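Reading through the structure tokens given below for one structure.
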Amino acid sequence: MNTANLALQQTPPLSVPVRFFITAPLFGILASLLLIYIGSDIFNSRWGLNTLALTHLFTLGFVSMVMFGAILQLLPVVAGTVIPKPVLTSTIIHFLLTVGSLSLTGGFIFGYDLRIAIVLLGLSFFGFIAIVGYCLIQVKGNIIVGMRLSLLALLITGGLGIILAIRFAYGITLPLAMILVNIHLTWGLVGWVGLLIIAIAYQVVPMFQITPQYNAKLMRWLIPTLFIILLLWTLAYLWLGSNIGWISILISLGLATFVAKTLHLQIKRLRKIPDVTLDFWRVGAVGLLLSIILWIAGTIWIKLANQPFYPLLLFILFIGGFVLMVIQGMLYKIIPFLVWLHLQNQQLNPLKTMNMVRIPHMKQIIPSKLAKRQFWVYLIALSCTILALIFPNLIYLAGIILLGSFILLEYNMLKALKLYRSVLISLQ
Amino acid sequence: MKTTIDVSQLEPCEPMERILAALPKIKTGEYLRVLHRMEPHPLYPILTQQGYSWITKTNKQPIEIYIWRSDDLVAKANIV
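Given below as structure tokens:
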């Protein structure tokens, strides 16, 4: 039995998570423009500075931006707690992350001094980790454990990222530099992003896709097990100086378990209604499965992993095919739900509401037709990017379509916020 | 006396809409029993604000939420 006693003030203002959500597609737009600018040169080097900038526009500017907003939104829902002074804190963190990401990628492209980026991103990561970590101390639950471990993974990723950026800014020669880069990107993609997606999926897949709950044992053990395997992999990598294939295969199998269970739950949906979020998640699951197969294949056949296309294809499948897919799918549920919830709360607040109006339904806030259109544009952009590995000149077309997809995503979200504002005005 | 509504197979935001629509119909001495597939955390602050109390039983699926007017001690005593 559980009795809760939350106050209405514990629902943070809509602006707290939404500022992160509407900034993310702007970074997607910048990334698309950079992709068009780099063009087929992207295939020449994994470590080119423009490629590094492109990677960080996606991982910091889009992915981490949405993840920060999602965590701030989920805290009251899963933990019954809110960050202190939510508007001020989120404004500062958002500013640091936005300007820090721009400074870092600008530094890579134009050769600016990276020291500003190091300070801004360092403050945003460690500030966010400290504040959210503090809120999570008192609470229990599988999702909470997942959020805590993904925050630890962010700490490792951010810490290593800062060390690597200092090395870059001051031209210091570091021992094991390439190993540190690989550890940084593995903790970032699998630890911070992967574990957090799994933790958030525990909450949002059953809630929004009307599936049964994830298996209790899986929810309890999967994230901590993956975290421990990642730690073992890191220690072994640092100790031996080479990637331990069987440990990285274990990580893949852990992620594959999550995909298999999610697809299984989606098949057992209680109400089988067409849903664009489900489309995003299904393609996302395929993207993750393909990247797992490629990863295992590259671990077994080193010759494959040494092919120039290999790291790019892995990156496109994991980030573009899995991470961006499921994040966009989640945005199409989280934003309409938040808009609806805040309007509902407003309507029920006698101090603020003068008129009773009909609150639009979630499906009216972002119509399925608009979301579906953006889904297809994004899917075509992704397909073109993969095909560009065979026909390099297709990369320009891929960049243009990707640009269109992020513009549509931003448009859809702004449209939802415009509707929120107009209903809010009619309530007052 | 109790009224039961089953929202366990409804998409957000329908469960909350159904629950909010059922609240004014709760009579003195009565309570509302809601069957839900997960804890409706966003509902709780609204219930507090509207003058309702609740108990959530999460030990089986679907979970049960019992809601009554905070000043109605008879309804509270009736909840098993």
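Chains D and G are the protein sequences, given in the same order. Going by my numbering, the first residue of the first sequence is number 13, and it counts up by one from there. Going by my numbering, the first residue of the second sequence is number 4, and it counts up by one from there. Each residue gets a CB set at the ideal place from its N, CA and C atoms; glycine is no exception. The structure displayed is predicted, hence computed values, not measured ones.
Rounded to whole angstroms, the Cβ separation of D/M77 and D/F107 is 12 Å, and the two are not in contact under 8 Å. Counting along the chain, the unbroken alpha helix (DSSP H) around D/W258 starts and ends at G257 to I279. Within the same chain, K273 come within 8 Å of D/N227 by CB-CB distance, once the 5 residues on both sides are set aside. Between D/F74 and chain G, the shortest Cβ-Cβ separation is not below 7 Å. Chain G places a beta carbon closer than 7 Å to that of D/V89, counting this residue as a contact. Closest by C-alpha distance to D/V111, out of D/A91, D/A129, D/T223 and D/V99, is D/A129.
Our two residues, D/S438 and D/F55, have alpha carbons roughly 53 Å apart in a direct line.
Your pair G/Y55 and G/S73 checks out as a contact, with CB atoms roughly 6 Å apart and the cut at 8 Å. Contact note: G/E33 does not reach chain D at a C-beta cutoff of 9 Å; the least C-beta distance is about 19 Å. Residues of chain G whose Cβ lies closer than 7 Å to the Cβ of D/P218 are, in chain order, R40 and M41.
About 6 Å separates the CB atoms of D/L431 and D/P372; that is less than 8 Å, so the two are in contact. Nearest to D/F120 by alpha-carbon distance, out of D/G411, D/P98, D/K97 and D/T63, is D/T63. A Cβ-Cβ separation of about 19 Å leaves D/V28 out of contact with D/V75 under the 8 Å criterion.
Beta-bridge partners of D/T67 (DSSP): none assigned. Per DSSP, the continuous alpha helix (DSSP H) segment holding D/Y432 begins and ends at L406 to L439. Cβ-Cβ distances below 6 Å link D/A400 to L406, I407 and A410 in the same chain, with the five nearest sequence neighbours on each side left out; the list follows chain order. By the neighbour-count criterion, in which 16 or more other beta carbons inside 10 Å mark a residue as buried, D/V216 falls on the buried side.
Listed along chain D are L20, Q356, N357 and L360, each with a C-beta nearer than 8 Å to that of G/I49. Its Cα nearest to that of D/V193, the residue D/T246 stands out among D/L161, D/I212, D/I240 and D/T246. Every beta strand (DSSP E) of 3 residues or more that sits fully in the segment 7–54 of chain G is shown, in chain order, as 34–39.
In this structure, G/L38 sits near G/P65, with a CB-CB distance shorter than 7 Å. Looking at the DSSP output, G/W71 shares a beta bridge with G/S56. With the criterion set as a beta carbon lying under 9 Å from some beta carbon of chain D, the members of the segment 14–27 of chain G are E14, P15, C16, E17, M19, E20 and L23, in sequence order. Cβ atoms of D/L72 and D/S113 come within 8 Å of each other, at about 4 Å.
Below 8 Å, enough C-beta pairs join the segment 164–171 of chain D and the segment 199–208 of chain D to call them touching: three or more. When DSSP states are grouped into helix, strand and coil, D/I285 belongs to the coil group.
The C-beta of G/E17 has fewer than 16 other C-beta atoms within 10 Å across all chains shown, which makes the residue exposed.
Here D/F334 is near D/G299, since their CB atoms are less than 7 Å apart. Judged by DSSP secondary structure, D/P236 falls within the alpha helix (DSSP H) whose first and last residues are A228 to L252. Chain D places no beta carbon closer than 7 Å to that of G/P65, leaving this residue out of the contacts.
Taking CB atoms only, D/M79 has no neighbour in chain G less than 7 Å away.
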